[in-house]
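Quick notes on the structure that follows.
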Amino acid sequence: MSIFKDVSGHIYISKHITRLKHNTISDYRDILQLLRSATRERSSSERIFSHSTMVDFRRELGPQLEDLRSKGLFCDVTMVFPQDGRKMHVHRNILASCSQYFRSLFTFNMTTSGHIEVEIPGVTYPDMESIVQFAYNHKAKLTAGNIESVIVTADRLNVLGLLKLCEEFLLEHIATDNAIGIFKLAKYLHCRSLERQAQHFLLKNFLALSTCSNEFLQLTPEELGQILRADELIIDSEDYACHAVVKWVDFLPDVRSAYLPQLLASIRLGLVSTTTYTTLMQKFSSLPTDSEAMCLLQKGYELCLGCRDDNTSRPQICQSLGNPMLRPRMPNDVIFVLGGWSRDGVCADMETYDTRVDKWYENENESFEHSLAYHAMVTVDKVLYVIGGYTTVKYLNSAKKFEPLTKTWSEIAPMHSSRCYVCAAELDGDIYACGGFDGTNRHSSVERYCPGKNQWQMVADMTSIRSDAGACGVDGKLYVAGGFSGTECLNTAESFDPSANQWTLLTPMTCQRSGVTVVAFKHAVYAIGGFNGSVRLDEVEKYYPDRGAWFPVKEMQKGRSNFAAAVIEDKIFVVGGYDGSGTTGHVEFYESDKDEWTEADNLRVGRSAASACTVKGLHNIQEFTFYGKEARLVAHSGALDWQSSLFCGPHATRSWTVHTRSRSKRSS
Numbered sequence: 001m002s003i004f005k006d007v008s009g010h011i012y013i014s015k016h017i018t019r020l021k022h023n024t025i026s027d028y029r030d031i032l033q034l035l036r037s038a039t040r041e042r043s044s045s046e047r048i049f050s051h052s053t054m055v056d057f058r059r060e061l062g063p064q065l066e067d068l069r070s071k072g073l074f075c076d077v078t079m080v081f082p083q084d085g086r087k088m089h090v091h092r093n094i095l096a097s098c099s100q101y102f103r104s105l106f107t108f109n110m111t112t113s114g115h116i117e118v119e120i121p122g123v124t125y126p127d128m129e130s131i132v133q134f135a136y137n138h139k140a141k142l143t144a145g146n147i148e149s150v151i152v153t154a155d156r157l158n159v160l161g162l163l164k165l166c167e168e169f170l171l172e173h174i175a176t177d178n179a180i181g182i183f184k185l186a187k188y189l190h191c192r193s194l195e196r197q198a199q200h201f202l203l204k205n206f207l208a209l210s211t212c213s214n215e216f217l218q219l220t221p222e223e224l225g226q227i228l229r230a231d232e233l234i235i236d237s238e239d240y241a242c243h244a245v246v247k248w249v250d251f252l253p254d255v256r257s258a259y260l261p262q263l264l265a266s267i268r269l270g271l272v273s274t275t276t277y278t279t280l281m282q283k284f285s286s287l288p289t290d291s292e293a294m295c296l297l298q299k300g301y302e303l304c305l306g307c308r309d310d311n312t313s314r315p316q317i318c319q320s321l322g323n324p325m326l327r328p329r330m331p332n333d334v335i336f337v338l339g340g341w342s343r344d345g346v347c348a349d350m351e352t353y354d355t356r357v358d359k360w361y362e363n364e365n366e367s368f369e370h371s372l373a374y375h376a377m378v379t380v381d382k383v384l385y386v387i388g389g390y391t392t393v394k395y396l397n398s399a400k401k402f403e404p405l406t407k408t409w410s411e412i413a414p415m416h417s418s419r420c421y422v423c424a425a426e427l428d429g430d431i432y433a434c435g436g437f438d439g440t441n442r443h444s445s446v447e448r449y450c451p452g453k454n455q456w457q458m459v460a461d462m463t464s465i466r467s468d469a470g471a472c473g474v475d476g477k478l479y480v481a482g483g484f485s486g487t488e489c490l491n492t493a494e495s496f497d498p499s500a501n502q503w504t505l506l507t508p509m510t511c512q513r514s515g516v517t518v519v520a521f522k523h524a525v526y527a528i529g530g531f532n533g534s535v536r537l538d539e540v541e542k543y544y545p546d547r548g549a550w551f552p553v554k555e556m557q558k559g560r561s562n563f564a565a566a567v568i569e570d571k572i573f574v575v576g577g578y579d580g581s582g583t584t585g586h587v588e589f590y591e592s593d594k595d596e597w598t599e600a601d602n603l604r605v606g607r608s609a610a611s612a613c614t615v616k617g618l619h620n621i622q623e624f625t626f627y628g629k630e631a632r633l634v635a636h637s638g639a640l641d642w643q644s645s646l647f648c649g650p651h652a653t654r655s656w657t658v659h660t661r662s663r664s665k666r667s668s
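For the sequence shown, the residue numbers in full-length UniProt numbering are 1 to 668.
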């Protein structure tokens, strides 16, 4: 009664039914009329009521039905398990409601409406208990110990709801030590969604799987070949693919050596290092020189040497030749650069960088709505946040976000202060905007933005006024270094503890740096370049929080200030900037294990006062990189149009033409 007490239409009907209960059957039409009237009056409320009631109904009914089953009340089927010596009493209607298998089984046994016994060969009592538990409560107790048998049983008995729960459980617990087993299980059960997602995990974590997982050695040659052929395979170097093949073959050399040509053909052999080729040649020196495997290695080695002899960038060869040995992989991460001051003035251009082909791409449709410079850009959860800046006529307190997955811009809450020459960083999911210049005054103030609340909040001021500084987050603290006070370039640095809302001065840098870029890299704070009041700096230094000191790092190839920087694939990329004579599109990257800087492809549009950040794991990353921007693979000779190497067989052939766009905007 409590469910209906607030529904006046139902109370109204109940009163009239009481009044009409002694009337003749002819009065039935009057009752129907009352029902129609009440329905019209309460139509919107009844729809809401019906939905919530159904949820409550399921929640309340499940335990009641389970109680009836546990007590053996009204059960009309006994499941028999001879191997376990046990029986299970159930209601046929409940099982039939969750599985077409049971519906067919019980329909076939409907010759008698009484109690029946059923045995399903190969199904154990514990597995059937999981099936029955789901049928009655839409829940199941899944563990690492029972998940495999339960999902196989759910698939066999066509309990699709439980099958979905099992898939979700496996994806929640997928890891490097079980991913290959999950992939194989999904293939066996023809669970296409689970198979695709497990395969995606394999491609993203191949290096860890091939070096640390015992399951790696259980891959079939077809499965390993499929992984190696995938454009989506995430490896920084083709050397890792070669090492994986050697490890797999060495596990059972007498059997697996026969698959060596097939697997080598799946690797981009033209992109393998000469060091690895030396190792491979020694490893397989016993093979005949005219064997298929040795011919493949020799051809790849010649490609590798040819690239070096011609002093040609190997990634650029990938764009000019339709050669499977030089086919690039898709990257997992991409650098975005936005805005800045170019030779033609302040710009709104967005460019993205593909590490696999060492090339920048313009993104005209995704450019900012107006020209922008001296702003900050930060990534949080695959979304780019653009903060403050200058438009040549206005100092901004506005902020916007760009979502790469949908390629859409939207405005977010404005800051409390206008901030040009602002520095910003992400820390624990929040964004901190520090210092800057509002057209009149330079700031020591700091604001914190919470994306979930879309709200800026003032936090403690820095100890110094700074514009043109750099900021980054390292191990739970925010670090700010360098900048310009309004009268001098600064060498000071300080850190912010969010839990205490307090700034602490640090050991000063070894030189003054305005227009400096600061990045977090391997638990250290890197201060790169800048302007010391006289020259643009190529000097770099790093600060270790646990040691409280700055240490020198190999200097850049080009001195610069007001440039962008981003960390990607264990490298620090510095992008553009002002070199003392003008804006530049020069790009170089730093590798800490070598302690050296290497040139990369120049920006399409040289610029200073830009900002950059890295976005990881985009599902549509190809739209910002080589395969979406440049690769137009056209089938020839009746071959199928290229889409993805992921599902091609090991002996499939493919020919294509790669079209490249003009690079007229390339800057020095």
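Using N, Cα and C, we set each Cβ at its ideal position, and we do this for glycine too.
Own chain, CB closer than 8 angstroms to residue i, minus 5 neighbours either side, in chain order
i, result
"R29", "Unreliable positioning characterises R29 in this predicted model, as indicated by a pLDDT of 49, which lies under 50. A coordinate reading is not provided."
"S257", "V249"
"G435", "R419, Y421, V422, C423, R442, H443, S444, S445, V446, M462, I465, R466, S467, A469, V480 and G483"
"S581", "none"
"residue 701", "The chain is shown only over 1 to 668; residue 701 falls outside these bounds and no answer can be derived."
Span separating the alpha-carbon of residue i from that of residue j
i, j, result
"N158", "F336", "47 angstroms"
"L505", "V386", "28 angstroms"
"Y544", "L269", "40 angstroms"
"V615", "I120", "52 angstroms"
"S561", "F531", "6 angstroms"
"V535", "D593", "29 angstroms"
"E630", "G145", "48 angstroms"
"R513", "L280", "48 angstroms"
"L603", "M556", "17 angstroms"
"V80", "M128", "10 angstroms"
"L427", "Q455", "15 angstroms"
"L252", "A179", "22 angstroms"
"G649", "Q262", "Note that G649 has pLDDT 37, beneath the 50 cutoff, so the model's placement of it is unreliable and the number below is only indicative. If you take the alpha carbons of G649 and Q262, they lie about 10 angstroms apart."
"L372", "W597", "29 angstroms"
"E172", "C166", "10 angstroms"
"K554", "S495", "24 angstroms"
"residue 671", "N93", "As shown, the chain starts at 1 and ends at 668. That puts residue 671 outside it, with no answer to give."
"S285", "D344", "59 angstroms"
"L224", "E215", "12 angstroms"
"L271", "P404", "29 angstroms"
"V393", "I412", "21 angstroms"
Presumed contact (8 angstroms Cβ cut-off) between residue i and residue j, rounded CB distance
i, j, result
"A293", "L264", "6 angstroms"
"V458", "A433", "According to the sequence provided, residue 458 is Met. The question's Val does not apply to it. Between A433 and M458 the Cβ distance is about 10 angstroms, and since that is not below 8 angstroms, they are no contact."
"C613", "T355", "That belief does not hold up - the Cβ atoms of C613 and T355 are roughly 15 angstroms apart, past 8 angstroms."
"G529", "F563", "6 angstroms"
"L189", "V150", "No, L189 and V150 are not in contact; Cβ-Cβ is about 12 angstroms, not under 8 angstroms."
"A460", "N501", "5 angstroms"
Cβ-based burial, residue i [other Cβ within 10 Å; buried from 16]
i, result
"H375", "buried"
"K359", "buried"
"C98", "buried"
"N620", "exposed"
"Q282", "exposed"
"I195", "As written in the sequence, residue 195 is Glu, which differs from the Ile given in the question. It counts as buried."
"R448", "buried"
"P328", "buried"
"K382", "exposed"
"R229", "buried"
"L305", "exposed"
8 angstroms Cβ cutoff, residue i in contact with chain D
i, result
"R268", "The chain labelled as chain D is not found in the depicted structure, where only one protein chain is given."
7 angstroms Cβ shell around residue i - same chain, five flanking residues per side excluded
i, result
"N23", "Legend: pLDDT at N23 = 43, less than 50; position of this residue unreliable, value from coordinates given subsequently. Taken in chain order, the list of residues that qualify is empty."
"I568", "D333, I335, T355 and T614"
"C75", "R69, H89, V90 and H91"
"F206", "I227, L233, I234 and I235"
"Y301", "Y277"
Residues bridged to residue i (per DSSP)
i, result
"D430", "L427"
"R448", "Y432 and Q457"
"S495", "Y479 and T504"
"H89", "T78"
"G470", "A481"
"S608", "W341"
Cβ-based neighbour list, residue i, same chain, cut-off 6 angstroms, excluding 5 preceding and 5 following
i, result
"residue 673", "Summary: the structure shown does not reach residue 673, with the chain confined to residues 1 through 668, and so no result is reported for it."
"Y390", "A373, Y374 and C420"
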